[in-house]
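Inspection log for the structure reproduced underneath, given as structure tokens.
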Amino acid sequence: MSESIRRKHILLATPPLIGHAVPLLQLGGKLSRHHRVTFAVSRSIVERFRDSLKEYDDRMGESSVRVVEVPERPSAYQPGEPRGGPSALRDIFNRTFPDMREFFASLRPNSSRTAIKNERFTHPSGVEDNDLFVDAVIVDNFLGGPASVLRQAGIPYYLFNTARVALTHVFLSLNMDVPENYAKRDSPFAHAAGGGKMYDVHKEGNKDILMENHETIPWASGIIFNSLRAAEENSLREIAGLPGAESLKMFFVAPLCSQDLASQSEKPIIHWLDDKPRGSVVYFALGSIAVPSAAQTAEIAKGLLLSKAPFIWSLPTAQHSHLPADIQRTIQEQNSQECPDPATPFLILPWVPQTAVLKHPSTGVFVSHCGWNSTLETLSCGVPVVGWPMFADQMLNAEWLETEAAGRLIPGTGETMESRLVAAEELANVVREVAGASSDDAVVGAGTPGYREGALKWQVKIREALADNGSSTQDFLKLARFE
Numbered sequence: 036m037s038e039s040i041r042r043k044h045i046l047l048a049t050p051p052l053i054g055h056a057v058p059l060l061q062l063g064g065k066l067s068r069h070h071r072v073t074f075a076v077s078r079s080i081v082e083r084f085r086d087s088l089k090e091y092d093d094r095m096g097e098s099s100v101r102v103v104e105v106p107e108r109p110s111a112y113q114p115g116e117p118r119g120g121p122s123a124l125r126d127i128f129n130r131t132f133p134d135m136r137e138f139f140a141s142l143r144p145n146s147s148r149t150a151i152k153n154e155r156f157t158h159p160s161g162v163e164d165n166d167l168f169v170d171a172v173i174v175d176n177f178l179g180g181p182a183s184v185l186r187q188a189g190i191p192y193y194l195f196n197t198a199r200v201a202l203t204h205v206f207l208s209l210n211m212d213v214p215e216n217y218a219k220r221d222s223p224f225a226h227a228a229g230g231g232k233m234y235d236v237h238k239e240g241n242k243d244i245l246m247e248n249h250e251t252i253p254w255a256s257g258i259i260f261n262s263l264r265a266a267e268e269n270s271l272r273e274i275a276g277l278p279g280a281e282s283l284k285m286f287f288v289a290p291l292c293s294q295d296l297a298s299q300s301e302k303p304i305i306h307w308l309d310d311k312p313r314g315s316v317v318y319f320a321l322g323s324i325a326v327p328s329a330a331q332t333a334e335i336a337k338g339l340l341l342s343k344a345p346f347i348w349s350l351p352t353a354q355h356s357h358l359p360a361d362i363q364r365t366i367q368e369q370n371s372q373e374c375p376d377p378a379t380p381f382l383i384l385p386w387v388p389q390t391a392v393l394k395h396p397s398t399g400v401f402v403s404h405c406g407w408n409s410t411l412e413t414l415s416c417g418v419p420v421v422g423w424p425m426f427a428d429q430m431l432n433a434e435w436l437e438t439e440a441a442g443r444l445i446p447g448t449g450e451t452m453e454s455r456l457v458a459a460e461e462l463a464n465v466v467r468e469v470a471g472a473s474s475d476d477a478v479v480g481a482g483t484p485g486y487r488e489g490a491l492k493w494q495v496k497i498r499e500a501l502a503d504n505g506s507s508t509q510d511f512l513k514l515a516r517f518e
């Protein structure tokens with residue numbers, strides 16, 4: 036294919052949402068086989084992003100993507116302060132959009148390089164003039180508003196949607212004339228394309244920003260989805276009738292999940308997993324934005340212990356003080372060891388190599404916020420889910436997993452982290468149900484295999500999509516031409 040297309044300069048951009056940045060990095064790495072790729076990253080995640088890029092380059096054996104840093108404003112939150120829902124997203128938008136808009140305004144179409152070669156640019160530190168001449172830009176879906184300046188400059192841009200088609204359906208359906216508090220329903224969730232629910236953005240303080248996305252979608256050269264055509268059949272039928280959708284080019288290139296194994300520093304986690312029975316370990320992670328309350332953190336700890344399963348819990352260090360005292364002592368002992376004692380029944384860590392853990396045969400259940408990236412990762416590994424959604428598209432994904440018999444939704448979750456306290460016994464019971472364990476057995480994945488079978492069914496579909504003639508492979512090849 037590389038012989039049949041002209042090499043171009045493609046710029047990618049993301050807000051400081053690591054769950055959005057990682058799949059876009061995976062896409063950038065694939066595109067770098069055919070094009071020069073530059074990635075504009077907000078300052079607050081640039082170092083973590085460079086670590087991810089280094090691991091990617093080490094695996095590929097070559098430097099693939101150049102990273103440039105874009106400034107951002109201070110956060111309204113204090114470190115470790117509980118956050119979640121639309122207010123956390125609003126904070127991200129407020130601190131990143133102005134500088135991203137300025138950065139986009141400094142870009143020029145590559146075709147105009149000769150005509151304006153003597154123009155002097157004002158741009159962020161570390162950004163070279165050569166970075167500013169581009170053939171096309173791929174921006175995260177939430178940066179659709181700031182990307183409007185690209186149209187004025189005559190630069191083609193594509194929207195990258197880390198979620199499912201339903202999110203684009205929501206953006207296309209927005210109506211500025213509907214007030215944010217128009218209904219005051221008990222539930223902030225609204226109908227989404229393909230069935231299920233998503234956060235009703237009309238009720239939240241983000242509507243004004245998201246209206247910019249609504250207005251710029253029709254101008255995009257295409258929308259790239261980190262999703263599978265097989266998972267979007269109903270949504271595609273529903274979105275087809277919306278104004279502005281009829282002319283959209285859509286590319287489904289999932290899964291764009293990290294493929295790396297654990298790095299050397301993370302090998303002790305894998306060694307700990309090696310010592311556990313197949314399908315016995317519960318992996319618990321609720322994403323990088325929402326943070327559980329002190330009371331909920333304590334209940335989660337009790338519930339995981341009640342499940343009688345060994346577990347790995349990704350929990351920010353600032354939340355460790357809310358754990359029971361005996362668990363805190365165990366964490367302190369683990370921190371003093373080079374490798375955790377294999378007999379230790381759990382690992383609680385500020386960061387976990389998620390893909391490596393999900394790929395490990397000892398992992399049997401994933402308790403997840405059901406962000407779409409995590410949903411794709413767990414299905415790629417054939418691991419069933421206990422769904423604990425927070426906001427945005429997460430409820431939609433959790434309900435879809437239930438429909439596909441690949442997971443179980445904890446009832447009453449999905450509005451905000453403070454909507455209700457999930458009791459320890461409830462968490463333990465649903466974990467055991469998804470694991471197929473009886474109330475008296477240890478969770479070893481030896482019980483009813485129903486949920487795992489549902490996850491394995493989608494693992495097969497994902498592999499088919501990634502085959503040479505698969506739908507995701509063919510959509511990527513069409514995208515990479517940038518025609």
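Position in the sequence shown (from 1) plus 35 gives the number in this note's numbering. Positions of the beta carbon are idealized from the N, C-alpha and C atoms, including for glycine. For clarity, every value in this text was computed on a predicted model and none was experimentally measured.
Within the same chain, Cβ atoms closer than 7 Å to the Cβ of methionine 135 are found at Ala48, Val105, Leu178 and Pro181, the five residues on either side in sequence being excluded. Bridge partners of tryptophan 407 according to DSSP: none are assigned. Remark: C-beta atoms of alanine 188 and proline 144 approach each other more closely than 8 Å. Boundaries of the alpha helix (DSSP H) around leucine 60: 53–66.
When the beta-carbon positions are compared, isoleucine 173 and leucine 142 stay at least 8 Å from each other. At a Cβ-Cβ threshold of 8 Å, arginine 467 and serine 342 count as neighbours. For histidine 44, the enclosing beta strand (DSSP E) stretches over residues 44–49.
For the region 165–200, the continuous beta strand (DSSP E) assignments of 3+ residues that do not extend past its boundaries occur at 171–175 and 192–196, in sequence order. The residues Glu499, in chain order, have a CB closer than 7 Å to that of glycine 505 in the same chain once the five nearest residues on each side in sequence are set aside. For proline 144, the secondary structure class from DSSP, reduced to helix, strand or coil, is strand.
According to the DSSP assignment, arginine 101 belongs to no alpha helix (DSSP H) but to the beta strand (DSSP E) extending over 101–105. In this structure, alanine 330 and leucine 456 form a Cβ contact; the two beta carbons are roughly 6 Å apart against a cut-off of 8 Å.
Judged by DSSP secondary structure, threonine 73 falls within the beta strand (DSSP E) whose first and last residues are 71–77.
When C-alpha distances from leucine 436 are compared across Thr448, His44 and Ala490, the shortest belongs to Ala490. Phenylalanine 132 carries a helical assignment under DSSP once its states are collapsed to helix, strand and coil. The DSSP-derived three-state label of glycine 485 is helix. Taking a cut-off of 8 Å on C-beta distances, the region 411–425 does not touch the region 370–386, as fewer than three cross pairs fall below it. An exposed status is given to valine 495, since fewer than 16 other beta-carbon atoms sit within 10 Å of its beta-carbon. With respect to the 8 Å criterion, alanine 255 and glutamate 334 are not classified as neighbours on the basis of their beta carbons. Looking at Ser371, His204 and Pro51, the one whose alpha-carbon comes closest to that of glutamate 250 is His204. For the options Glu412, Ile383 and Pro345, the alpha carbon positioned closest to that of glutamine 389 is the one of Glu412. Looking at the DSSP output, tryptophan 348 shares a beta bridge with Phe319 and Ile383. No Cβ-Cβ contact shorter than 8 Å links isoleucine 45 with leucine 60. Rounded to the nearest angstrom, the gap between the Cα atoms of threonine 508 and serine 262 is 12 Å. Listed as beta-bridge partners of leucine 444 by DSSP are Gly422. A straight-line Cα-Cα distance of about 28 Å links leucine 202 and lysine 394. Cβ neighbours of glutamate 267 within its own chain (closer than 8 Å, five residues either side excluded): Arg199, Val200, Gly229, Phe260 and Phe287. Per DSSP, isoleucine 305 is one residue of the alpha helix (DSSP H) stretching across 302–309.
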